[in-house]
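Peer 1: Below you'll find the structure I mean.
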Amino acid sequence: MRLRKAYIPTLKEAPADAEVISHKLLVRAGFLRKLTSGVYIYLPLAWRSLNKIANIVREEMDRAGAQELHMPMVQPSDLWQESGRWDFYGKELLRFKDRHDRDCCLGPTHEEVITDLIRGEVRSYRQLPLNLYQIQTKFRDEIRPRFGLLRGREFIMKDAYSFDCDDEGADVSYRSMYDAYWRIFSRLGLRFRAVEADSGSIGGSFSHEFMVLAETGEDMIVSCTSCSFAANVERAPVVWRGESCRQQCPPVELTATPGAHSVAQVCDFLGVQPQQLIKTVIFAVDGNPVAVLVRGDREVNPVKLKNLLNAGELAIAAPEQVREWTGAPVGFAGPQGLHAVMHVYADLELRGGTDWIAGANRGDMHVLHLNLTRDATVTAFADLRVIGAADPCPLCGAEIETARGIEVGHVFKLGTKYSKALNAVILDEQGRERHIIMGCYGIGVSRVLAACIEQNNDADGIIFPPPIAPYDVALLNLDTQNADLCAKAEELYAILQTQGLDVLLDDREERPGIKFKDADLIGLPVQLVLGGRGFGRGMIEAKDRRSGEKAELPLEGFAAAFATWREHVLQGWK
RNA sequence: CGGGAUGUAGCGCAGUCUGGGAGCGCACUUGAAUGGGGUUCAAGGGGUCGGAGGUUCAAAUCCUCUCAUCCCGACCA
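Residue numbering for the first sequence is 56 to 629, as defined by our numbering.
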């Protein structure tokens with residue numbers, strides 16, 4: 056592509072609404088323009104990169120035995136009613152009516168459609184296993200879209216669905232996708248981790264997330280410094296080391312704590328440490344009150360609570376609800392007497408202590424010397440808190456470390472959730488009817504592009520990993536007034552293309568500085584600089600965008616010299 | 001949905017408090033010089049000041065409504 060003809064609108068300044076680096080650079084480098092909140096136009100450069108990503112995904116999915124198809128984006132409500140998700144999915148599902156007043160939605164995911172397809176066609180175990188996938192635009196009406204392509208409302212996703220007749224087969228399918236994902240993200244040149252994850256609203260029994268490591272990631276992940284354990288903090292179990300409880304504890308005593316409704320305020324007021332407190336958090340679980348107790352310096356993990364209670368909707372109770380249920384304003388709830396109005400769940404860790412300080416269920420009052428077993432009734436003890444950096448690895452007990460990640464892939468073992476809801480059955484070898492065992496597997500293709508840039512950039516712009524760069528080589532003709540130089544540029548342009556490379560030739564009548572800046576901003580892995588200086592000596596400059604390393608290559612025998620140099624650059628990425 | 005803010009040329013912004021010429025930088029067009037890291041000079045083109053209504057002799061500016069966008073929060077008591 057000749058830059059003179061290309062639509063690559065680069066900008067000196069980033070738009071004011073861009074916050075994260077990938078968003079700023081994608082806009083500045085001429086990849087992306089916003090249409091409306093969370094909805095973007097992919098310009099030619101972005102589209103080339105996205106296609107390269109998609110093709111790598113395709114190759115590995117095909118290699119894993121999956122078959123590509125393409126499903127509709129507009130879906131009827133009936134299927135969603137049938138699966139139960141029409142009511143359950145929430146406002147992220149964009150709903151509308153067609154001219155006949157029929158309820159429709161834009162597909163945020165395709166379990167319903169694919170299951171409907173399969174139940175109508177597949178009758179025998181002989182037709183399984185099957186794995187079908189598509190690469191398609193999805194729409195999720197996110198509560199707050201932000202960070203450009205990292206959390207858009209409209210985005211490109213690869214979604215795959217596997218169908219097996221038994222659990223063993225489903226496990227094989229799952230493993231095969233897990234391995235394919237590993238290959239995909241490795242080939243894309245990303246630094247990533249695969250972690251155990253919660254299965255969320257998609258449902259199902261087991262899942263892994265593939266996380267690109269980046270400071271701007273919205274997810275926290277933990278991993279063991281010694282063994283293979285790695286998980287999203289949402290899911291990471293906390294082991295209770297079972298320290299014995301101190302038996303001595305004076306009688307409960309009321310104490311005034313005016314205005315102290317946070318752990319920090321209570322600690323300041325009483326001159327105590329957060330570890331001596333019990334934090335009582337009131338949740339509304341499907342409309343009913345539930346209390347969760349954790350140590351004052353810990354955080355409740357709502358995902359664990361949701362799973363423990365097998366709950367649908369779960370939220371922190373509103374202030375009015377807290378007042379109604381506990382009789383006290385927010386900040387003064389405590390375990391005493393709560394069991395009369397709600398279930399009380401306590402984190403395992405609270406078993407290991409006594410003589411607690413807790414809310415008194417009265418405004419501006421706390422209690423001292425609380426002994427949970429003596430002074431309150433706990434429905435159950437369970438692992439309910441968020442893992443912390445000081446906690447040991449739940450598998451081997453070694454030290455753990457935390458990191459931020461961007462979720463770019465997710466594999467789920469769904470089990471029979473959708474095949475039961477939509478009655479997708481087959482006949483097994485014995486002629487018995489069985490529900491199909493399903494799995495689903497997603498990759499955020501457009502998010503991969505942004506995540507990759509979050510991970511690979513510097514002050515000058517993007518640094519593209521070679522596999523997903525929109526072009527392989529930037530060829531800069533520094534002086535378009537010089538006919539000899541232009542002829543040489545064209546010659547090199549042709550040579551590179553015969554080597555199978557995608558080349559972006561800067562043939563604009565611009566000053567060299569502009570060409571250098573734009574080349575760095577767009578971030579193609581290799582730059583070739585053809586200018587008067589080197590040309591006079593029969594040389595051309597090559598620059599590795601990642602390392603900044605430069606070399607002079609001879610124009611005589613250029614093809615071979617360049618191939619060697621480029622190989623050297625590619626090695627740097629390994 | 002709660003809180004905060006912003007909408008003025010393609011992009012970044014000033015002007016709004018205190019009403020009276022619609023401006024600056026970049027980008028764009030033309031010309032000249034320059035020619036290896038966003039060069040310089042000159043001359044230009046481009047805006048219903050987000051929209052509607054109101055107050056006023058007069059509104060980007062004041063008032064009301066509305067639309068849009070962004071930030072923070074919407075789990076930690």
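No residue lacks a Cβ here, since even glycine has one placed at the ideal position from N, Cα and C.
For F630, name the three-state secondary structure that DSSP assigns.
Peer 2: In the structure as shown, the chain starts at 56 and stops at 629, and residue 630 therefore has no counterpart that could be examined.
Peer 1: Given this structure, state the Cα-to-Cα distance separating V385 from L393, to the nearest angstrom.
Peer 2: Within the first sequence, the letter at position 330 stands for residue 385. Within the first sequence, the letter at position 338 stands for residue 393. Going from the Cα of V385 to the Cα of L393 covers about 14 angstroms.
Peer 1: Taking 6 angstroms as the limit between beta carbons, can you name the residues of its chain near I455, skipping five residues before and five after?
Peer 2: For the purposes of this step, residue 455 is taken as residue 400 along the first sequence, with counting starting at 1. Cβ neighbours of I455 beyond the five flanking positions: V277, C279 and C448.
Peer 1: Nearest CA to the CA of E564: which residue from L556, N537, H398 and G578?
Peer 2: Locating residue 564 in the first sequence gives position 509, where the first residue counts as 1. E564 has its Cα closest to that of N537, out of L556, N537, H398 and G578.
Peer 1: With respect to the beta strand (DSSP E) encompassing K334, which residues constitute its N-terminal and C-terminal limits?
Peer 2: For the purposes of this step, residue 334 is taken as residue 279 along the first sequence, with counting starting at 1. Taken as a continuous stretch (DSSP letters only), the beta strand (DSSP E) holding K334 covers I333 to V340.
Peer 1: I'd like the span of the alpha helix (DSSP H) that includes F210, first residue to last.
Peer 2: Mapped onto the first sequence, residue 210 falls at position 155. For F210, no alpha helix (DSSP H) segment is defined; the enclosing uninterrupted segment is the beta strand (DSSP E) at E209 to D219.
Peer 1: Could you tell me how far apart the beta carbons of L187 and I169 are, in whole angstroms, since I believe they sit closer than 8 angstroms?
Peer 2: Position 132 of the first sequence holds residue 187. Position 114 of the first sequence holds residue 169. With a Cβ gap of about 6 angstroms, L187 and I169 count as contacting.
Peer 1: Contact between the region 576-587 and the region 595-611: three or more CB pairs below 8 angstroms?
Peer 2: yes
Peer 1: Please report the distance separating the alpha-carbon of L105 from that of A616.
Peer 2: By one-based count along the first sequence, residue 105 stands at place 50. By one-based count along the first sequence, residue 616 stands at place 561. Computed Cα separation, rounded: 30 angstroms.
Peer 1: Out of Q191, V294, D430 and N478, state which residue places its alpha-carbon closest to the alpha-carbon of E638.
Peer 2: Lying before the first or after the last residue shown, residue 638 is absent from the chain, which here runs from 56 to 629.
Peer 1: What are the uninterrupted segments assigned as beta strand (DSSP E) that are 3 or more residues long and contained completely in the region 538-619, given in chain order?
Peer 2: Listed in chain order, the complete beta strand (DSSP E) runs (minimum 3 residues) inside the region 538-619 are 558-561, 581-585, 594-599 and 605-609.
Peer 1: So who's on the other strand from T91, going by DSSP bridges?
Peer 2: Against the first sequence, residue 91 aligns to sequence position 36. V94, per the DSSP bridge assignment.
Peer 1: Roughly how many angstroms lie between the CA atoms of F261 and N362, to the nearest whole one?
Peer 2: Translated into the one-based positions of the first sequence, residue 261 becomes position 206. Translated into the one-based positions of the first sequence, residue 362 becomes position 307. Rounded to whole angstroms, the separation of the alpha carbons of N362 and F261 is 12 angstroms.
Peer 1: Apart from the five residues on each side of it in sequence, which residues of its chain come closer than 6 angstroms, Cβ to Cβ, to H465?
Peer 2: As a position in the first sequence, residue 465 is number 410, starting the count at 1. Cβ within range, chain order: E264 and G497.
Peer 1: Among the candidates A346, Y97, M594 and A395, whose CA atom is the shortest distance from the CA of I371?
Peer 2: The sequence position of residue 371 within the first sequence is 316, counting from 1. Checking every option, the nearest Cα to that of I371 belongs to A346.
Peer 1: Give the range of the beta strand (DSSP E) segment to which I481 is assigned.
Peer 2: Sequence index remark: in the first sequence, residue 481 carries index 426 (1-based). Annotation for I481: the continuous beta strand (DSSP E) segment containing it runs V480 to L482.
Peer 1: Of the residues A544, A383 and H165, which one's Cα is nearest the Cα of L585?
Peer 2: Taking the first sequence and counting its residues from 1, one reaches residue 585 at position 530. Closest option to L585, Cα to Cα, is A544.
Peer 1: Put M126 into one of helix, strand or coil per three-state DSSP.
Peer 2: For the purposes of this step, residue 126 is taken as residue 71 along the first sequence, with counting starting at 1. DSSP places M126 in coil when its eight states are reduced to three.
Peer 1: So what's H316 in DSSP terms, helix, strand or just coil?
Peer 2: On the first sequence, position 261 is the one that residue 316 refers to. Here H316 sits in coil by DSSP.
Peer 1: Could you name the residues of the same chain whose beta carbon sits closer than 8 angstroms to that of N416, not counting the 5 residues immediately before and after it, in chain order?
Peer 2: Start at 1 with the first residue of the first sequence, and residue 416 comes out as number 361. Excluding residues within five positions, the ones whose Cβ falls inside 8 angstroms are T381, G382, A383, F387, A388, G389, Q391, G392 and L393.
Peer 1: Classify S283 as helix, strand or coil using the three-state DSSP reduction.
Peer 2: The sequence position of residue 283 within the first sequence is 228, counting from 1. Residue state, collapsed to three classes: coil.
Peer 1: Within a Cβ cutoff of 7 angstroms, which residues of the same chain sit near G515, ignoring the five residues on either side of it in sequence?
Peer 2: Walking along the first sequence from the start, residue 515 turns up at place 460. The sequence shown places Asp at residue 515, not Gly. So the qualifying residues of the chain are D575 and L576.
Peer 1: Are L66 and R83 touching if we call contact CB-CB under 7 angstroms?
Peer 2: Counted from its first residue, the first sequence places residue 66 at position 11. Counted from its first residue, the first sequence places residue 83 at position 28. The Cβ atoms of L66 and R83 sit closer than 7 angstroms to each other.
Peer 1: Give the single residue among G367, L100 and L90 whose Cα lies nearest to the Cα of I517.
Peer 2: Taking the first residue of the first sequence as 1, we reach residue 517 at position 462. Comparing Cα-Cα distances from I517 to each of G367, L100 and L90, the minimum goes to L100.
Peer 1: Can you say whether Q510 is buried or exposed, counting buried as having 16 or more other CB atoms within 10 angstroms of its CB?
Peer 2: For the purposes of this step, residue 510 is taken as residue 455 along the first sequence, with counting starting at 1. Classification for Q510: buried.
Peer 1: For L81, count neighbouring Cβ atoms within 10 angstroms of its own Cβ and tell me buried if that reaches 16, exposed if not.
Peer 2: The residue you call residue 81 lines up with position 26 of the first sequence. Buried, because 16 or more other Cβ atoms sit within 10 Å of the Cβ of L81.
Peer 1: Tell me where the alpha helix (DSSP H) around L360 begins and ends.
Peer 2: Position 305 of the first sequence, counting from 1, holds the residue named residue 360. It spans P357 to L364 - the alpha helix (DSSP H) in which L360 sits, taken as one unbroken run.
Peer 1: When DSSP labels each residue in this structure, what does V399 get in the three-state scheme?
Peer 2: Residue mapping note: residue 399 aligns to position 344 of the first sequence, counting from 1. If DSSP states are grouped into helix, strand and coil, V399 belongs with the strands.
Peer 1: From what residue to what residue does the alpha helix (DSSP H) around I111 run?
Peer 2: By 1-based counting over the first sequence, the position of residue 111 is 56. P99 to R118 is the span of the alpha helix (DSSP H), which, as asked, contains I111.
Peer 1: Just to confirm, are T432 and C304 a CB contact at a threshold of 7 angstroms?
Peer 2: Counted from its first residue, the first sequence places residue 432 at position 377. Counted from its first residue, the first sequence places residue 304 at position 249. Against a cut-off of 7 angstroms, the Cβ pair of C304 and T432 comes out as no contact.
Peer 1: Closest to E251 by CA distance: which of E289, R57, A401 and L625 is it?
Peer 2: For this step, residue 251 is matched to residue 196 along the first sequence. Closest option to E251, Cα to Cα, is E289.
Peer 1: Which first and last residues belong to the beta strand (DSSP E) in which C495 is found?
Peer 2: As a first step, residue 495 is located in the first sequence; it is residue number 440 there, counting from the start. Here the beta strand (DSSP E) through C495 covers I492 to G499.
Peer 1: Just reading off the beta strand (DSSP E) that F436 is part of, what are its end residues?
Peer 2: Translated into positions along the first sequence, residue 436 becomes position 381. Looking at the DSSP string, the run of the beta strand (DSSP E) that includes F436 is A435 to A437.
Peer 1: Hey, is the region 435-454 in contact with the region 394-414, meaning 3+ C-beta pairs nearer than 8 angstroms?
Peer 2: In this structure the region 435-454 touches the region 394-414; the number of beta carbon pairs closer than 8 angstroms is three or more.
Peer 1: Mapping the DSSP letters down to three states, classify D53 as helix, strand or coil.
Peer 2: Here the chain has residues from 56 to 629 only, and residue 53 is not among them.
Peer 1: Measuring from the CB of Y473, is there a heavy atom of the ligand ZN at a distance below 6 angstroms?
Peer 2: As far as ligands go, the structure on display features none, and thus does not contain the ligand ZN.
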